[in-house]
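Reading through the structure tokens given below for one structure.
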Amino acid sequence: MSGDVAIRAQELTRTFGSFTAVDHITLDVQVGEIFGFLGANGAGKTTAMRMFIGLLAPSSGMATVAGYDVYTQSEAIKRSIGYMSQRFSLYEDLTIRENIRLYGGIYGLPDRDIRARSEQILARLGMEQSADLQVRAIPLGWRQKLSFSVALLHRPRIIFLDEPTGGVDPITRRQFWELIYQAAADGTTVLVTTHYMDEAEYCDRISIMVAGRIGAMGTPAELKRQFDADSMDEVFVRLARPTTGAGAA
Amino acid sequence: MTDAVVVQGLTKRFGETVAVRDVSLTVRSGELFGFIGADGSGKTTLFRVLATLLLPDAGSAQVLGHDVVKELWALRPRLGYMPGKFSLYPDLSVEENLRFFASVFGTSIEREYAQIEPIYVQLEPFKARRAGALSGGMKQKLALCCALVHRPGILFLDEPTTGVDAVSRREFWELLARFKAGGLTIIVSTPYMDEATRCDRVALMQHGRILAIDTPDAITRSFDRPLLAVRPGERYRTLLAIREYPHTHTIYPFGEVLHYTDRRTDLPVQSLQHQLTDYLASRGLPALSAAAIPATIEDSFMAYLGAEETNAA
Numbered sequence: 001m002s003g004d005v006a007i008r009a010q011e012l013t014r015t016f017g018s019f020t021a022v023d024h025i026t027l028d029v030q031v032g033e034i035f036g037f038l039g040a041n042g043a044g045k046t047t048a049m050r051m052f053i054g055l056l057a058p059s060s061g062m063a064t065v066a067g068y069d070v071y072t073q074s075e076a077i078k079r080s081i082g083y084m085s086q087r088f089s090l091y092e093d094l095t096i097r098e099n100i101r102l103y104g105g106i107y108g109l110p111d112r113d114i115r116a117r118s119e120q121i122l123a124r125l126g127m128e129q130s131a132d133l134q135v136r137a138i139p140l141g142w143r144q145k146l147s148f149s150v151a152l153l154h155r156p157r158i159i160f161l162d163e164p165t166g167g168v169d170p171i172t173r174r175q176f177w178e179l180i181y182q183a184a185a186d187g188t189t190v191l192v193t194t195h196y197m198d199e200a201e202y203c204d205r206i207s208i209m210v211a212g213r214i215g216a217m218g219t220p221a222e223l224k225r226q227f228d229a230d231s232m233d234e235v236f237v238r239l240a241r242p243t244t245g246a247g248a249a
Numbered sequence: 250m251t252d253a254v255v256v257q258g259l260t261k262r263f264g265e266t267v268a269v270r271d272v273s274l275t276v277r278s279g280e281l282f283g284f285i286g287a288d289g290s291g292k293t294t295l296f297r298v299l300a301t302l303l304l305p306d307a308g309s310a311q312v313l314g315h316d317v318v319k320e321l322w323a324l325r326p327r328l329g330y331m332p333g334k335f336s337l338y339p340d341l342s343v344e345e346n347l348r349f350f351a352s353v354f355g356t357s358i359e360r361e362y363a364q365i366e367p368i369y370v371q372l373e374p375f376k377a378r379r380a381g382a383l384s385g386g387m388k389q390k391l392a393l394c395c396a397l398v399h400r401p402g403i404l405f406l407d408e409p410t411t412g413v414d415a416v417s418r419r420e421f422w423e424l425l426a427r428f429k430a431g432g433l434t435i436i437v438s439t440p441y442m443d444e445a446t447r448c449d450r451v452a453l454m455q456h457g458r459i460l461a462i463d464t465p466d467a468i469t470r471s472f473d474r475p476l477l478a479v480r481p482g483e484r485y486r487t488l489l490a491i492r493e494y495p496h497t498h499t500i501y502p503f504g505e506v507l508h509y510t511d512r513r514t515d516l517p518v519q520s521l522q523h524q525l526t527d528y529l530a531s532r533g534l535p536a537l538s539a540a541a542i543p544a545t546i547e548d549s550f551m552a553y554l555g556a557e558e559t560n561a562a
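Here it is in structure tokens:
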């Protein structure tokens with residue numbers, strides 16, 4: 001499947017009144033790629049993502065997601081994607097197993113599939129012994145891994161992760177990235193939005209949005225070379241604020 | 250030099266949960282001291298006890314020579330505390346918030362101007378804006394300014410840079426360095442490993458306990474094995490292959506590379522490199538390089554976390 005395009009945007013634009021939130025962005029994300037979609041708060045990444053997932057119509061330009069047109073086929077897009085956010089919560093007063101079953105039902109999976117996939121998820125995450133614990137009782141790192149697995153329950157072709165790994169210890173965070181690698185190795189395309197620059201280093205390729213445009217795009221190594229920087233943090237600082245000075249609001 | 254904070258055997262429970270477990274430490278006057286740990290590691294609870302907002306269940310703590318339980322009224326006017334959650338009045342303007350906090354402590358912006366100037370000049374262009382309408386980075390600067398306006402003898406900052414973009418984080422730390430240079434003791438907590446190196450000393454926390462406490466340099470030097478940065482051709486398959494390699498002690502993804510340590514402690518690093526690259530080549534996954542590198546704070550933290558789990562098991 002390599003060489004196939006999972007997400008394509010050409011001159012994609014969204015305005016709100018006189019404000020241009022997303023300004024003629026063009027990018028291709030390949031099938032099976034882990035793509036980091038970065039930018040400061042207010043740079044336009046949330047607006048762009050809302051267009052990709054079929055929640056917001058573009059003002060102009062074109063985009064396809066999993067081969068479907070964002071203008072006319074948003075329902076088909078929604079069925080082809082998974083979505084996980086730090087804020088997207090599992091139901092805290094349901095157990096681990098009940099959460100999986102609930103989302104399986106929402107995605108319209110047959111009971112037999114839900115049962116089989118529940119067991120797979122529990123085994124993969126090592127949560128068999130804890131399956132009947134309420135989600136409120138499990139650590140944050142477990143919740144993140146469970147949210148991710150639930151977002152993959154209906155086998156979407158593309159998964160969108162919105163700041164997925166904040167607040168956990170460095171080992172737990174790496175376990176989460178291994179789940180992402182595994183999904184990508186299975187052919188799922190992963191788009192991660194984050195403003196944590198160290199997360200960017202885990203992506204195959206990244207784009208950095210600045211004021212509605214794509215300010216830079218490439219592999220982390222390419223961008224570090226291009227900006228003569230040791231870390232993505234440094235790349236971001238040079239891109240977002242070429243001349244250092246007092247902060248703007 | 251006197252100690253700004255002395256904590257002995259401090260424990261705080263919430264029902265069954267032990268949030269802070271028998272913690273002891275000392276922070277010297279004028280230090281920039283960092284608590285590094287994940288959500289739930291006990292940082293916020295410890296801060297609240299030190300800021301006289303929670304009572305400890307056991308142990309004791311003195312801040313600026315005052316006991317946090319018995320002498321809280323003497324201590325409070327001398328504390329600056331910036332909570333992790335934005336806690337200013339969103340409907341008041343920048344200037345109104347600042348005037349309010351100054352007046353609560355019986356002072357004024359004008360009287361304290363010398364103290365807050367480095368930060369106030371950055372806020373001044375937005376002084377009429379409602380605090381709720383500020384960007385994340387500016388909110389944090391305003392909160393810092395409000396915590397400083399009564400000229401405290403010590404500053405507690407609970408995750409001041411969480412959720413703030415890279416540029417604003419950097420500016421925030423530059424401000425802290427200026428206040429430290431003025432002699433202020435600053436205690437800060439953060440989940441960002443890279444910020445540890447900005448501190449004079451750090452405490453690594455997990456599950457309510459301190460795993461290590463030292464200068465960032467000493468903590469990275471305590472990493473006691475050769476560390477290899479493997480640049481893989483195919484990252485995920487290489488990771489899985491190294492996990493099956495019998496000599497692997499630890500293997501972690503680390504951005505574009507994989508960080509590897511070997512079980513054997515009696516071999517020169519060159520042999521470890523050669524054997525690992527030979528093994529990967531034999532698996533059909535040649536590495537582009539496997540360089541010996543110095544450990545970072547994050548490597549050290551993971552080594553402590555790993556040891557913790559081994560001991561607990």
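Same order as they appear, the protein sequences are chains A and B. Note that the first sequence covers residues 1 to 249 in our numbering. Note that the second sequence covers residues 250 to 562 in our numbering. Yeah, the Cβ is synthetic: ideal placement off N, Cα and C, and Gly gets one too.
In DSSP terms, what residue i is bridged to
i	result
Tyr501 of chain B	B:His508
Asp463 of chain B	B:Val451
Ile158 of chain A	A:Ile81 and A:Thr189
Arg262 of chain B	B:Val267
Gly329 of chain B	B:Leu404
Gln257 of chain B	B:Ser309
Nonlocal neighbours in the same chain, by C-beta distance under 8 angstroms from residue i, ignoring five residues either side
i	result
Lys263 of chain A	With chain A covering only 1 through 249, there is no way to say anything about residue 263 of chain A.
Ala467 of chain B	none
Trp422 of chain B	Thr410, Glu444 and Arg447
Asp233 of chain A	Met197 and Asp198
Gly314 of chain B	Thr251
Buried versus exposed call for residue i [16 or more other C-beta atoms within 10 Å across all chains shown]
i	result
Trp142 of chain A	buried
Tyr103 of chain A	buried
Tyr362 of chain B	exposed
Glu33 of chain A	buried
Tyr91 of chain A	exposed
Gln226 of chain A	exposed
Glu75 of chain A	exposed
Gly105 of chain A	exposed
Glu408 of chain B	buried
Asp340 of chain B	exposed
His523 of chain B	exposed
Val318 of chain B	exposed
Asp418 of chain B	A small fix is needed here, since residue 418 of chain B is Arg in this sequence, not Asp. Per the 10 Å Cβ criterion, buried.
Leu324 of chain B	buried
His508 of chain B	buried
Ala57 of chain A	exposed
Coarse secondary structure for residue i, derived from DSSP in three states
i	result
Phe335 of chain B	coil
Ile138 of chain A	coil
Gly482 of chain B	coil
Glu234 of chain A	helix
Tyr369 of chain B	helix
Ser5 of chain A	A quick correction: the sequence has Val, not Ser, at residue 5 of chain A. Note: Val5 of chain A maps to strand in three-state DSSP.
Ala307 of chain B	strand
Leu529 of chain B	helix
Phe296 of chain B	helix
Ala323 of chain B	helix
His456 of chain B	coil
Ala250 of chain A	No statement about residue 250 of chain A is possible, as the shown extent of chain A runs from 1 to 249 and does not include it.
Leu383 of chain B	coil
Thr446 of chain B	helix
Ile542 of chain B	strand
Arg470 of chain B	helix
Same chain, Cβ closer than 7 angstroms to residue i, five either side skipped, listed in chain order
i	result
Leu140 of chain A	Gly167 and Val168
Asp132 of chain A	Thr95 and Arg97
Arg297 of chain B	Leu303
Val210 of chain A	Gly39, Ala43, Leu239 and Ala240
Gly17 of chain A	none
Asp548 of chain B	Phe472, Leu476 and His508
Same chain, Cβ closer than 6 angstroms to residue i, five either side skipped, listed in chain order
i	result
Thr47 of chain A	Arg14, Ala21 and Val22
Val65 of chain A	Ile7, Phe52 and Ile77
Gly457 of chain B	Val267, Ala268, Val269, Arg270 and Gly291
Ala63 of chain A	Ala9, Leu12 and Val70
Completely contained alpha helix (DSSP H) runs for the segment 163 to 225 of chain A, where each covers 4 or more residues | For the alpha helix (DSSP H) assignment, the uninterrupted runs of no fewer than 4 residues enclosed by the segment 163 to 225 of chain A are, from N- to C-terminal side, 170 to 185 and 197 to 200.
ask   = For the segment 387 to 438 of chain B, which segments carrying the alpha helix (DSSP H) assignment without a break, of at least 4 residues, lie completely within its bounds, in sequence order?
value = Along the length of the segment 387 to 438 of chain B, whole alpha helix (DSSP H) runs at least 4 residues long occupy 415 to 430, reported in chain order.
* Interfacial residues, the segment 264 to 290 of chain B to chain E, with Cβ spacing under 8 angstroms -> Included in the structure are the protein chains A and B, with no chain E among them.
**Runs of beta strand (DSSP E) lying entirely within the segment 3 to 82 of chain A, each at least 3 residues, in chain order** = Secondary structure in the segment 3 to 82 of chain A: the beta strand (DSSP E) runs of 3 residues or longer, each lying completely within the stretch, are 5 to 16, 19 to 30, 34 to 39 and 60 to 65 in chain order.
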